[in-house]
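Asks: Could you have a look at this structure, given as structure tokens, before my questions?
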Amino acid sequence: MALRRQKKDAAEGVAPKPKKKRWYHQLWEVFQMTREAQPSITWWLLGSFFGILALGVAIGFAVGHPVYVTLLSLPVALIVVMMLLSRRAERAAYSRIEGTPGAAGSALGTIRRGWNIEEQPVAVDPRTQDVVFRAVGRPGVVLIGEGPSHRVQRLLESEKRKVARVAPNVTVHLIQVGREEGQVPLPKLTKKIQRLKPTLTKAEVAAVAKRLRALQSSRPPIPKGVDPMRARPDRKGMRGR
1 MALRRQKKDA AEGVAPKPKK KRWYHQLWEV FQMTREAQPS ITWWLLGSFF
51 GILALGVAIG FAVGHPVYVT LLSLPVALIV VMMLLSRRAE RAAYSRIEGT
101 PGAAGSALGT IRRGWNIEEQ PVAVDPRTQD VVFRAVGRPG VVLIGEGPSH
151 RVQRLLESEK RKVARVAPNV TVHLIQVGRE EGQVPLPKLT KKIQRLKPTL
201 TKAEVAAVAK RLRALQSSRP PIPKGVDPMR ARPDRKGMRG R
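Here the sequence shown is numbered in the UniProt record's numbering, starting from 1 and rising by one per residue.
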């Protein structure tokens, strides 16, 4: 039946519908991506799975219920394997985009609710292509700079002064992303932001974000040739979904 429908669509010039990916297809893609960056992941997953099963069998014989305890240890082993794959996949995703323009913006896109994040950089140096991204949440305004420390700090300070003009009483945090001393590595960026102490209410966050968007809309567009969002990881892959 499906073959006959495909022939009919081909005769009528209708493009075939793309096949819907099942969860196990997505899981396999996540595993393949992780294995490219970390070839040892296969042995880690197998070792974790069978190690937990072996522990379950040993405990089962010790308490006199080997079959019952082994069956209970099976879902535990699967959960541990999924958690391990999720963490390794996140590391692999970060390693693929780290050092590319716009990597910080891609990482910010994985932050969950409670934050107003600009997808495009709010400040760009057209000569060096250093960029600054902005996130607004209950801790205040967070400015994230990409580039060498001695250069991007000036760009961050300039953007901080602009923010202070429209939101003078709001805390502004400056974060540099990179591997230089004093900078935050890309894989630790989201945790660093989410651990900041809240100082604003939800209503204040919305008001501040609205003011800053109005400020951003009055600025000239990003210079041609600068595409800081070219590298965007698979968010589901980074979360192990």
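Even glycine gets a Cβ: it sits at the ideal position worked out from N, Cα and C.
Report the three-state DSSP secondary structure of residue 29 (helix, strand or coil).
Replies: Start at 1 with the first residue of the sequence shown, and residue 29 comes out as number 29. Reduced to three states, the DSSP call for residue 29 is helix.
Asks: Would you be able to state if there are at least three C-beta pairs under 8 angstroms between the stretch 108 to 127 and the stretch 69 to 86?
Replies: Not touching, per the Cβ criterion.
Asks: Does the beta-carbon of residue 78 have 16 or more other beta-carbons within 10 angstroms, so that it is buried, or is it exposed?
Replies: To locate residue 78, count along the sequence shown from 1; it is residue 78. Exposed, since its Cβ has fewer than 16 Cβ neighbours within 10 Å.
Asks: Alpha carbon to alpha carbon, what distance is there between residue 203 and residue 159?
Replies: Here residue 159 refers to the residue found at position 159 of the sequence shown. Here residue 203 refers to the residue found at position 203 of the sequence shown. Roughly 23 angstroms between the two C-alpha positions.
Asks: Roughly how many angstroms separate the alpha carbons of residue 107 and residue 180, rounded to a whole number?
Replies: As a first step, residue 107 must be located in the sequence shown, where it is residue number 107. As a first step, residue 180 must be located in the sequence shown, where it is residue number 180. Those two C-alpha atoms are separated by around 18 angstroms.
Asks: Roughly how many angstroms lie between the CA atoms of residue 97 and residue 90, to the nearest whole one?
Replies: Translated into the one-based positions of the sequence shown, residue 97 becomes position 97. Translated into the one-based positions of the sequence shown, residue 90 becomes position 90. Residue 97 and residue 90: Cα-Cα distance of roughly 11 angstroms.
Asks: Smallest Cα separation from residue 121: which of 51, 156, 48 and 73?
Replies: To locate residue 121, count along the sequence shown from 1; it is residue 121. The residue with the shortest Cα to Cα distance from residue 121 is 156.
Asks: Leaving out the 5 sequence neighbours to the left and right, which residues in its chain are closer than 7 angstroms to residue 45 when beta-carbon positions are compared?
Replies: Numbered from its first residue, the sequence shown carries residue 45 at position 45. Closer than 7 angstroms at the Cβ level, and outside the excluded window around residue 45, lie 81, 84 and 85.
Asks: Less than 9 angstroms between the C-beta atoms of residue 131 and residue 101, yes or no?
Replies: Indexing the sequence shown from 1 puts residue 131 at position 131. Indexing the sequence shown from 1 puts residue 101 at position 101. Taking 9 angstroms as the Cβ cut-off, residue 131 and residue 101 qualify as a contacting pair.
Asks: For residue 216, which of 129, 65 and 133 has the nearest alpha-carbon?
Replies: Along the sequence shown, read from residue 1 onward, the residue named residue 216 stands at position 216. Of the candidates 129, 65 and 133, the one whose C-alpha sits nearest the C-alpha of residue 216 is 133.
Asks: Residue 22 to residue 95, Cα distance in whole Å?
Replies: Translated into the one-based positions of the sequence shown, residue 22 becomes position 22. Translated into the one-based positions of the sequence shown, residue 95 becomes position 95. Each residue's alpha carbon lies about 26 angstroms from the other.
Asks: Have a look at residue 136 and residue 34 and give me their C-alpha separation to the nearest angstrom.
Replies: Working through the sequence shown from its first residue, we reach residue 136 at position 136. Working through the sequence shown from its first residue, we reach residue 34 at position 34. Going by the C-alpha atoms only, they are around 32 angstroms apart.
Asks: How would you label residue 200, buried or exposed, when you count the other beta carbons within 10 angstroms and need 16 or more for buried?
Replies: Counting from 1 along the sequence shown, the entry for residue 200 is found at position 200. Residue 200 comes out buried.
Asks: Taking the C-alpha atoms as reference points, what is the distance between residue 189 and residue 62?
Replies: The residue given as residue 189 occupies position 189 in the sequence shown. The residue given as residue 62 occupies position 62 in the sequence shown. When rounded, the distance between both Cα atoms is 46 angstroms.
Asks: Roughly how many angstroms lie between the CA atoms of residue 103 and residue 186, to the nearest whole one?
Replies: Along the sequence shown, read from residue 1 onward, the residue named residue 103 stands at position 103. Along the sequence shown, read from residue 1 onward, the residue named residue 186 stands at position 186. Their Cα atoms are separated by approximately 8 angstroms.
Asks: Where residue 154 and residue 147 are concerned, what is the direct C-alpha to C-alpha distance, given to the nearest angstrom?
Replies: Along the sequence shown, read from residue 1 onward, the residue named residue 154 stands at position 154. Along the sequence shown, read from residue 1 onward, the residue named residue 147 stands at position 147. Taking the straight line from one Cα to the other gives about 11 angstroms.
Asks: Just reading off the beta strand (DSSP E) that residue 134 is part of, what are its end residues?
Replies: Residue mapping note: residue 134 aligns to position 134 of the sequence shown, counting from 1. Unbroken beta strand (DSSP E) run through residue 134: 131 to 137.
Asks: Start and end of the beta strand (DSSP E) containing residue 159?
Replies: Translated into positions along the sequence shown, residue 159 becomes position 159. Premise fails: residue 159 lies in the alpha helix (DSSP H), 149 to 166, not in any beta strand (DSSP E).
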